Amino acid sequence: MTVYSLPSTFGRRELGVEEASYVVAGIPFDSSESYRSGSREAPQAIREASREIEDFDMLEDFDLLELAIADIGDIEVSFGSNEETRKRVVETVRFIRDNHAVPVLLGGEHTISAFAIEAFPEDTLFLSFDAHLDFREDYINNPFSHACVLRRAAEHLGYENILAVGVRSACREELEDAKRLGVSFIPFDECYNLEALESRLRKTVEGRKVYLSIDMDVFDPKDARGVGNPEPPGFFFFDFLQILDFIKACKLVGFDVTEVIPRYDAYTPVLAAKLIFKVLARYEKRLKGAIH
Ligand SMILES: [Mn+2]
2 MTVYSLPSTF GRRELGVEEA SYVVAGIPFD SSESYRSGSR EAPQAIREAS
52 REIEDFDMLE DFDLLELAIA DIGDIEVSFG SNEETRKRVV ETVRFIRDNH
102 AVPVLLGGEH TISAFAIEAF PEDTLFLSFD AHLDFREDYI NNPFSHACVL
152 RRAAEHLGYE NILAVGVRSA CREELEDAKR LGVSFIPFDE CYNLEALESR
202 LRKTVEGRKV YLSIDMDVFD PKDARGVGNP EPPGFFFFDF LQILDFIKAC
252 KLVGFDVTEV IPRYDAYTPV LAAKLIFKVL ARYEKRLKGA IH
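The opening residue of the sequence shown carries number 2 in our numbering; numbering runs sequentially from there.
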């Protein structure tokens, strides 16, 4: 008997964790979103979009079915408890890493990155694409606000193991703190020359273990309207694809996409799903030694 079913997993995948190179987990956690909220709805929306993306990416000349992806569903988070959610995220990410796979985390607000990074060793580079610096000590007395992500990551990995790209929004105090503490960031006005940016990123990540965190507000709101704190102007998706080859120079150990708010735009989850496939496809092409 044939069963005609379509799994509601990322990319319709049915692999087990032990067979996978990349393990998707949703983290539907939103707690501190200061403007528009609702990123808890993003993991399912990104999955839904991913299931409709066809398997052969002609622009990448790559069959996405070559990506060994498993989807373990969503972490059951504890709304109102940063501590409990943090514990669950760290344990889940450790579980994925213990299975020798790269965690691919679907946020949720950007705070999930600050939780996840605790499951990684201190020689990891936290590479964040974000319109905002997110380097506040706390935001309205909340150290796990999404405005503090970079700071929490830096406290775990060391200030020298942080690079934020595309930054165009901060408060004066966090900007001064970041400079004083030696945190590297590439402001958006240094991102206009894509060729120069790609080579700068490539040099920085060369041979390093990289945790890639993409806050979708790094994109121009004309491309990604469904985000919590839109911050024009920003990267266009097409431009981002011109710099993405830097990923081939590093060892990708973790990856997340955060801050999608589906209720404000039905297209942004599609962009997020496509972005995930693009990152993994480029990275996988390097691993396979393919010439593209
Ligand atoms: Mn942001």
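We put the CB at the ideal spot given by N, CA and C, even for glycine.
These numbers come from a predicted model, not from an experiment.
- Contact check for F247 against V206 passes: the beta carbons are separated by less than 7 angstroms.
- Minimum Cα-Cα distance from Q45 among the listed residues V25, D56, D64 corresponds to V25.
- Residue pairing by DSSP places G108 opposite I28 in a beta bridge.
- Here L7 has R13, R52 as same chain residues with Cβ atoms under 8 angstroms from its own Cβ, once five neighbours each way along the sequence are excluded.
- Rounded to whole angstroms, K289 and R98 show a C-alpha spacing of 21 angstroms.
- In terms of Cβ geometry, P263 and E42 form a close pair [threshold 7 angstroms].
- A buried status is given to V261, since no fewer than 16 other beta-carbon atoms sit within 10 Å of its beta-carbon.
- Here the alpha carbon of F241 sits roughly 10 angstroms from the alpha carbon of G235.
- In the same chain as I47, and ignoring 5 residues on each side of it, the C-beta atoms closer than 6 angstroms to its own belong to L107, P270, A273, A274, in chain order.
- By the Cβ-count criterion, V219 is buried, with 16 or more other Cβ atoms from all chains shown falling within 10 Å of its own Cβ.
- Restricting attention to R226, E67, A102, the CA atom closest to the CA of I73 is found in A102.
- V18 places its beta carbon 7 angstroms or farther from that of F256.
- CA-CA distance, R203 to L60, rounds to 21 angstroms.
- Within the chosen limit of 6 angstroms, ligand 1 reaches the beta carbon of D131 through at least one heavy atom.
- The beta carbon of D224 sits no closer than 6 angstroms to any heavy atom of ligand 1.
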